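Participant:
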Amino acid sequence: MTTLEINPTETIDYPESDGQPMGETDLHRILMNELIFALRWFLSDIKAYIAGNLFVYYEAGNPKAVVAPDVFIVLGVEPQMRRTYKVWEEGQKLPDVVFELTSRSTRKADQEEKPALYARLGVREYFVFDPYGEYLRPQLQGYRLAGGGYKRIEAFPMYSEILNLELRVEDQTLRLYNPETGERLPTADEVVLARREAEARRFEVERRLLRLEQARLAAEVRAAEQSALAAEQSARADAAEAELARLRAERATQ
Numbered sequence: 050m051t052t053l054e055i056n057p058t059e060t061i062d063y064p065e066s067d068g069q070p071m072g073e074t075d076l077h078r079i080l081m082n083e084l085i086f087a088l089r090w091f092l093s094d095i096k097a098y099i100a101g102n103l104f105v106y107y108e109a110g111n112p113k114a115v116v117a118p119d120v121f122i123v124l125g126v127e128p129q130m131r132r133t134y135k136v137w138e139e140g141q142k143l144p145d146v147v148f149e150l151t152s153r154s155t156r157k158a159d160q161e162e163k164p165a166l167y168a169r170l171g172v173r174e175y176f177v178f179d180p181y182g183e184y185l186r187p188q189l190q191g192y193r194l195a196g197g198g199y200k201r202i203e204a205f206p207m208y209s210e211i212l213n214l215e216l217r218v219e220d221q222t223l224r225l226y227n228p229e230t231g232e233r234l235p236t237a238d239e240v241v242l243a244r245r246e247a248e249a250r251r252f253e254v255e256r257r258l259l260r261l262e263q264a265r266l267a268a269e270v271r272a273a274e275q276s277a278l279a280a281e282q283s284a285r286a287d288a289a290e291a292e293l294a295r296l297r298a299e300r301a302t303q
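Start counting the sequence shown at 50; every next residue gets the next number (this note's numbering).
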C-alpha cells in the first residue's frame, strides 16, 4: 500500500485547474479516455479510483505540491466523483499506477522529472507511452518500484503486476489484455458496437422465431381447413350414399 504521512489543513485553496488549456492532440485525448474506460471496466468489481488529468495534491498545506497524471489508478479507495485528489482526504493513499502519454511538450518531464517524483511518492508502477513513436525507443516503457527507485520492466509483452494486465502497442494505440483469458479490454466504442451487434443478432433471432411461429400457425390453419374440407366432403359423400340407399329402397318396394 502506497502511503504518505501528511497533516491535513482546511485553510489552503487547492485549484482544480492551472488556467491553461490542455495542449494534447486528438490522439492523446482519445487514448487517455480509452485507457480510463478500459481500466474502469476491468476493475469494476473492486474498490478502485481511476482518473486522468486530475490534480493530485500530495502535500497538505502546499498547493504547489501537485501533479496531474494522464491516467492514474488508486486501489482501495472509493470510485466516486472528485474535483481534485487530495491524499490526506483519501487515507493517505497515493496512486498505485500511473500512465503518461508523452508528447513534444511533456517528453522531458515524462522521462526525467515525473519518474523521480513518482518514485519518491511511492507510485508502484509507472508507464510512459509515445503514441506517435517520435520520442521514445521503444514506444512503450515501464518501470516498477524496487528499493526506493524505479527498475525498468524488460518483459515482453509488458506486464503490470499491480493491475494483472498485459500492455501491448497496436499501431498508435496502447491496448490492455487480460493475461488469464487472452481477451483484449474493450474501448467504449467497442462496447457500444458489441451491444449493437448483440441487439441486431437478438432481433434477427426474434424475427426468425416470429417467421417460424407464423409458418407454424399458417400450417395449422391450412391443416384445420383441409380437415374441415375433408369432413365436409365425407359428410356429403355419406349423405349422398344414404340418399342413394333410400331411393333404392323405395324402388324395391314399388
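Every residue, glycine too, gets a C-beta built ideally from N, C-alpha and C. Nothing here was measured: the structure is a model prediction, and the numbers come from that model.
1) What are the boundary residues of the alpha helix (DSSP H) that Lys163 is part of?
2) In the DSSP assignment, find the unbroken alpha helix (DSSP H) run with Ile79 in it and report its ends.
3) If you run the structure through DSSP and keep just helix, strand and coil, what is Phe252?
4) How do the region 238–258 and the region 192–207 stand: do at least 3 beta-carbon pairs fall below 8 Å, yes or no?
5) Kindly indicate which three-state DSSP category Glu183 falls into: helix, strand or coil?
6) Is the distance from the Cβ of Ala117 to the Cβ of Val105 below 8 Å?
7) Taking buried to mean at least 16 other C-beta atoms within 10 Å of its own C-beta, is Met81 buried or exposed?
8) Quick check on the burial criterion: 16 or more other C-beta atoms within 10 angstroms. Buried or exposed for Ser154?
9) What did DSSP end up calling Arg300 once you bin it into helix, strand or coil?
10) Would the beta-carbon of Phe148 fall within 8 Å of that of Asp119?
11) Which whole runs of the beta strand (DSSP E) in the region 214–280 are 3 residues long or more, in chain order?
12) For Lys345, does the three-state DSSP call read helix, strand or coil?
13) So, under 8 Å CB-CB, Leu185 and Thr151 are touching, yes? Tell me the CB distance rounded to an integer number of Å.
14) For Ile55, does the count of other Cβ atoms within 10 angstroms reach 16, so buried, or fall short, so exposed?
15) Assign Met50 to one of two classes, buried (16 or more other C-beta atoms within 10 Å of its C-beta) or exposed (fewer than that).
16) Using the C-alpha atoms, what's the distance from Leu103 back to Glu65?
17) State the DSSP-derived secondary structure class of Arg295, mapped to helix, strand or coil.
18) Tell me whether Met50 sits in a helix, a strand or coil according to DSSP, three-state version.
19) Please classify Phe205: is it buried, with 16 or more other beta-carbons within 10 angstroms of its beta-carbon, or exposed?
20) Compute the distance between the beta-carbons of Leu234 and Phe121, then report whether it is under 8 Å.
21) Taking Ser209 as the reference, which of Glu229, Ala279, Glu219 has the closest Cα?
22) If I measure Cβ to Cβ from Leu182 and keep anything under 6 Å in the same chain, skipping five residues before and after, which residues do I get?
23) Assuming Ala97 is part of the beta strand (DSSP E), what are its boundary residues?
Facilitator: Straight from the coordinates:
1) 163–170
2) Its alpha helix (DSSP H) spans residues 75–91.
3) helix
4) Counting C-beta pairs with one atom in each stretch, the region 238–258 and the region 192–207 have fewer than three that are closer than 8 Å, which means they do not touch.
5) coil
6) yes
7) buried
8) exposed
9) Note: Arg300 maps to helix in three-state DSSP.
10) Result yes, Cβ atoms of Phe148 and Asp119 sit closer than 8 Å.
11) 214–219, 222–226
12) Residue 345 lies beyond the range of the chain shown here (50 to 303); nothing can be said about it.
13) 6 Å
14) Per-residue confidence for Ile55 stands at a pLDDT of 49, beneath the threshold of 50, marking its modelled position as unreliable; no derived number is given.
15) Here Met50 scores only 48 on pLDDT, less than 50, and its place in the model is too uncertain to base an answer on.
16) 8 Å
17) helix
18) Because Met50 sits at a pLDDT of 48, beneath the cut-off of 50, its placement in the model cannot be relied upon, and the following sentence gives the value as read from the coordinates. Met50: coil per DSSP, three-state reduction.
19) exposed
20) By the CB criterion at 8 Å, Leu234 and Phe121 fall outside the cutoff.
21) Glu229
22) Here residue 182 is Gly; the residue named in the question, Leu, does not match the sequence. Gln188, listed in sequence order.
23) 97–100
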